[in-house]
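Student: First, the structure itself, so that you have it in front of you.
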Amino acid sequence: MEGRAHPLQFTCTLHGRRGRENWAPIYWSLSTTIHKSTTIRTLVSPNDAISASEPIGGPPPRSGLTGQIVGYTSFTFIVYLAIGLPLAILPAYVHLRMGFSAALAGLVISVQYIATFLSRPWAGHISDHAGAKIAVIWGMAMCAGSGALLVAAAWLHGTPWLSFVCLIGSRLALGVGESLGSTGATLWGISAVGQQNTAKVISFNGISTYGALALGAPFGVVLETHFGLASLGFLTAAVCGGSVLFAIGKRAVPVVAGEHLPFQSVLGRVAPHGIALALGGVGYSVLATFVTLFYASRHWQGAALCLTAFGITFIAARLLFIHTIERFGGYPVALACLSVESLGVLTLWLAHSPWVAMAAAAVTGFGFALVFPAVGVEAVRRVPEKNRGTALGVYTGFSDVSFFLVGPIAGTVIGAFGYASAFLFALLCVLVSLGIVAMLRRRNHVLAAL
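The opening residue of the sequence shown carries number 209 in the numbering used here; numbering runs sequentially from there.
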């Protein structure tokens with residue numbers, strides 16, 4: 209998943225996982241090894257170069273391009289609708305109605321993210337070897353199964369531990385379904401409309417994610433209030449089950465034949481871009497997690513307006529400026545966007561009124577909007593076409609790691625230096641991301657000159 213809406217950040221704060229920080233040296237070592245052993249400019253053979261891929265059946269008409277892309281990213285929308293529906297319900301349901309501890313209530317939410325992160329590479333492997341269509345079908349089926357288990361959990365509420373086990377199973381299935389569905393849908397869309405439209409597919413994928421979460425969470429609250437928890441499971445199973453049939457009826461794209469790169473090689477090529485993404489996303493993670501507490505610490509009202517401002521400018525920037533990646537390239541756009549994001553986060557740190565903070569959140573959203581697709585386009589260019597699914601899975605996985613770690617790390621910083629310091633921490637992370645992207649761009653120029 210590219211990004212997560214505000215409610216998702218609660219459990220990231222409590223249940224972030226440690227032990228990932230020692231990966232970075234390995235990633236850089238692998239990447240350096242690959243670069244030293246490569247003599248071709250594009251780092252892949254001309255026949256394998258992803259930039260040469262074309263949509264099946266020729267380029268789509270410009271007038272119908274958006275409709276075609278939406279036809280594939282609609283699967284992502286359905287996946288995140290399934291995620292959003294129970295999002296605001298389950299913590300209170302587990303803690304207040306079932307009587308379990310707050311830690312177990314948080315576990316019910318965070319276990320889905322763990323499953324998503326761990327299954328990202330596998331989802332990419334399935335997309336590359338079995339095909340993006342198969343990955344989407346399996347992902348939708350897993351999400352439908354998650355809904356069925358949610359119904360079972362509601363029916364077994366009289367036996368709390370058995371109901372809790374069903375909830376855990378539902379969340380695990382949803383996490384795996386998220387990996388398969390979103391990765392498969394993205395790759396399916398890119399393969400169908402052509403590599404030259406990668407940025408557009410990734411961008412609409414993100415809009416689908418944010419839109420579905422924004423719609424699903426309040427709608428889920430209304431449904432549960434009037435019809436109970438089981439209604440969320442029934443709706444999830446029905447919509448996701450129907451999407452399986454829809455996916456079966458869509459035309460598959462051929463799986464690219466040939467030998468695939470080992471996972472370690474894909475990891476080494478994509479890892480620097482993933483690290484840049486993870487650090488660049490810290491501004492959003494801190495804003496979504498701590499802005500309410502930041503406002504409360506200063507006795508301000510209207511913290512939700514910050515998130516609204518962020519969301520409006522985020523979506524507006526994606527709709528209005530996505531073509532800039534195709535025109536100027538991923539690295540220049542990423543550098544510009546990270547610079548704007550850093551300005552927004554800096555202003556949040558120094559904000560002296562709620563209106564300044566809201567304006568800063570809007571600037572942050574505008575800047576962060578194109579970071580994922582801009583860096584992602586450059587990441588997938590680093591691997592052959594037949595490894596795109598794995599590359600997308602690995603790249604997106606770094607965003608998951610960021611969500612896991614930012615909550616507890618920023619929370620520790622806040623405990624020592626106060627709420628405003630979280631935005632200073634975010635600013636430093638965004639600046640490091642800016643430096644990494646600048647280094648990647650410089651390295652790309654050096655390789656192109658060889």
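Using N, Cα and C, we set each Cβ at its ideal position, and we do this for glycine too.
Grab the span of the alpha helix (DSSP H) containing G510 for me, first residue to last.
Tutor: Here residue 510 refers to the residue found at position 302 of the sequence shown. It is not in any alpha helix (DSSP H) - G510 carries neither H nor E in the DSSP assignment.
Student: When we look at the beta-carbon of V654 and count the other beta-carbons within 10 Å, is it buried (16 or more) or exposed?
Tutor: Here residue 654 refers to the residue found at position 446 when the sequence shown is read from its first residue. Exposed, because fewer than 16 other Cβ atoms sit within 10 Å of the Cβ of V654.
Student: Since F553 and A634 are thought to touch, with beta carbons under 8 Å apart, how far apart are those beta carbons, to the nearest angstrom?
Tutor: Taking the sequence shown and counting its residues from 1, one reaches residue 553 at position 345. Taking the sequence shown and counting its residues from 1, one reaches residue 634 at position 426. Here residue 553 is Val; the residue named in the question, Phe, does not match the sequence. Rounded, the Cβ-Cβ distance is 5 Å, consistent with contact.
Student: With distances taken from CA atoms, which of S505, I456, L431 is nearest I342?
Tutor: Stepping through the sequence shown from its first residue, residue 342 is reached at position 134. When only C-alpha atoms are compared, the closest one is I456.
Student: Please confirm if G510 has its CB atom under 8 Å from at least one CB of chain D.
Tutor: The structure shown contains no chain D; it holds only a single protein chain.
Student: If we count Cβ pairs, one from each stretch, closer than 8 Å, do we get three or more for the segment 384–396 versus the segment 321–341?
Tutor: Result yes; three or more Cβ-Cβ pairs closer than 8 Å.
Student: Using DSSP with H/G/I as helix, E/B as strand and the rest coil, what is A592?
Tutor: Here residue 592 corresponds to residue number 384 of the sequence shown, with the count starting at 1. Checking the displayed sequence, the identity of residue 592 turns out to be Pro instead of Ala. Three-state result, P592: strand.
Student: Taking the alpha-carbon positions, what's the L304 to E432 distance?
Tutor: Taking the first residue of the sequence shown as 1, we reach residue 304 at position 96. Taking the first residue of the sequence shown as 1, we reach residue 432 at position 224. The straight-line gap from Cα to Cα measures roughly 15 Å.
Student: For G482, which residues in the same chain have their Cβ closer than 6 Å to its Cβ, ignoring the five residues on either side in sequence?
Tutor: Translated into the one-based positions of the sequence shown, residue 482 becomes position 274. Once the five neighbours on either side are set aside, the close Cβ partners of G482 are Y603, F606.
Student: Flag this pair as yes or no: are the beta carbons of A460 and G339 separated by less than 8 Å?
Tutor: The residue you call residue 460 lines up with position 252 of the sequence shown. The residue you call residue 339 lines up with position 131 of the sequence shown. Yes.
Student: Can you grab the Cα-Cα spacing for the pair G275 / T620, in whole Å?
Tutor: Indexing the sequence shown from 1 puts residue 275 at position 67. Indexing the sequence shown from 1 puts residue 620 at position 412. Spanning the two alpha carbons is a distance of roughly 45 Å.
Student: From I533 to V579, what does the alpha carbon distance come to, in whole angstroms?
Tutor: Position 325 of the sequence shown holds residue 533. Position 371 of the sequence shown holds residue 579. Spanning the two alpha carbons is a distance of roughly 10 Å.
Student: For A446, does the count of other Cβ atoms within 10 angstroms reach 16, so buried, or fall short, so exposed?
Tutor: Translated into the one-based positions of the sequence shown, residue 446 becomes position 238. That one is exposed.
Student: Taking A517 and A582 to be in contact with their CB atoms under 8 Å, please state how far apart those CB atoms are, rounded to whole angstroms.
Tutor: In the sequence shown, counting from the first residue as 1, residue 517 sits at position 309. In the sequence shown, counting from the first residue as 1, residue 582 sits at position 374. Contact flag wrong, Cβ pair sits at about 22 Å.
Student: With distance defined between alpha-carbon atoms, name the residue in P592, H434, G414, M348 nearest to F454.
Tutor: Mapped onto the sequence shown, residue 454 falls at position 246. Checking every option, the nearest Cα to that of F454 belongs to M348.
Student: Secondary structure at F308, three-state DSSP: helix, strand or coil?
Tutor: Walking along the sequence shown from the start, residue 308 turns up at place 100. Correct three-state label for F308: coil.
Student: To test your reading of the DSSP string, which unbroken beta strand (DSSP E) runs of 3 or more residues are found completely within the segment 342–371?
Tutor: DSSP runs (the beta strand (DSSP E)) wholly in the segment 342–371: none.
Student: Could you check if P462 is buried or exposed, using at least 16 other CB atoms within 10 Å of its CB as the buried criterion?
Tutor: As a position in the sequence shown, residue 462 is number 254, starting the count at 1. Classification of P462: exposed, given that the 10 Å Cβ count is below 16.
Student: Given a threshold of 16 other Cβ atoms within 10 Å of its Cβ, counted over all protein chains shown, does G643 qualify as buried or as exposed?
Tutor: On the sequence shown, residue 643 is found 435 positions in, with the first residue counted as 1. Exposed.
Student: Go through its chain and collect everything with a Cβ distance to A260's Cβ below 6 Å, but skip five positions before and after it.
Tutor: By one-based count along the sequence shown, residue 260 stands at place 52. Since pLDDT at A260 reaches only 34, below the 50 mark, its modelled position is unreliable, and the value read off the structure follows with that caveat. Cβ within range, chain order: n/a, list empty.
Student: Tell me which same chain residues have a C-beta within less than 7 Å of the C-beta of P267, skipping the five on either side of it?
Tutor: Here residue 267 refers to the residue found at position 59 when the sequence shown is read from its first residue. Bear in mind that a pLDDT of 49 at P267, under 50, signals an unreliable position, so the number given afterwards is only what the model happens to contain. Excluding positions up to five away in sequence, the list reads G402.
Student: Quick check: P562 and G510, are their CB atoms within less than 8 Å of each other?
Tutor: Locating residue 562 in the sequence shown gives position 354, where the first residue counts as 1. Locating residue 510 in the sequence shown gives position 302, where the first residue counts as 1. Yes, the pair counts as a contact, with Cβ atoms nearer than the cut-off.
Student: In angstroms, rounded to a whole number, what distance separates the CA positions of L312 and V302?
Tutor: The residue given as residue 312 occupies position 104 in the sequence shown. The residue given as residue 302 occupies position 94 in the sequence shown. Their Cα atoms are separated by approximately 8 Å.
Student: Please classify S505: is it buried, with 16 or more other beta-carbons within 10 angstroms of its beta-carbon, or exposed?
Tutor: Taking the first residue of the sequence shown as 1, we reach residue 505 at position 297. It counts as exposed.
Student: Assuming the contact rule is C-beta atoms closer than 8 Å, A420 and L289 should be a hit. Round their C-beta distance to whole Å, please.
Tutor: As a first step, residue 420 is located in the sequence shown; it is residue number 212 there, counting from the start. As a first step, residue 289 is located in the sequence shown; it is residue number 81 there, counting from the start. Indeed they touch by this definition, with Cβ atoms about 4 Å apart.
Student: Exposed or buried, V564, counting other C-beta atoms within 10 Å across all chains shown (16 or more means buried)?
Tutor: Against the sequence shown, residue 564 aligns to sequence position 356. By the neighbour-count rule (16 or more Cβ atoms within 10 Å), V564 is not buried but exposed.
Student: Would you check if the distance between the CB atom of E586 and the CB atom of G488 is smaller than 8 Å?
Tutor: Translated into the one-based positions of the sequence shown, residue 586 becomes position 378. Translated into the one-based positions of the sequence shown, residue 488 becomes position 280. No, the pair does not count as a contact, with Cβ atoms beyond the cut-off.
Student: At 4 residues or longer, and completely inside the segment 509–572: list those alpha helix (DSSP H) runs for me, N to C.
Tutor: If we require 4 residues or more, the alpha helix (DSSP H) runs fully inside the segment 509–572 come out as 511–529, 531–536, 538–558.
Student: Using DSSP with H/G/I as helix, E/B as strand and the rest coil, what is Y492?
Tutor: One-based indexing of the sequence shown puts residue 492 at position 284. Looking at Y492 - three-state DSSP - the assignment turns out to be helix.
Student: Could you tell me the distance, in whole angstroms, from the CA atom of V494 to the CA atom of L551?
Tutor: Locating residue 494 in the sequence shown gives position 286, where the first residue counts as 1. Locating residue 551 in the sequence shown gives position 343, where the first residue counts as 1. Cα-Cα distance, rounded: 15 Å.
Student: Pick helix, strand or coil for P462, following the three-state DSSP scheme.
Tutor: Position 254 of the sequence shown, counted from the start, is the residue given in the question as residue 462. Note: P462 maps to coil in three-state DSSP.
Student: Please list the segments of the alpha helix (DSSP H) lying wholly inside the segment 385–470, counting only runs of 4 or more residues, in order along the chain.
Tutor: Those alpha helix (DSSP H) runs which fall completely within the segment 385–470 and span 4+ residues are 406–435, 437–457.
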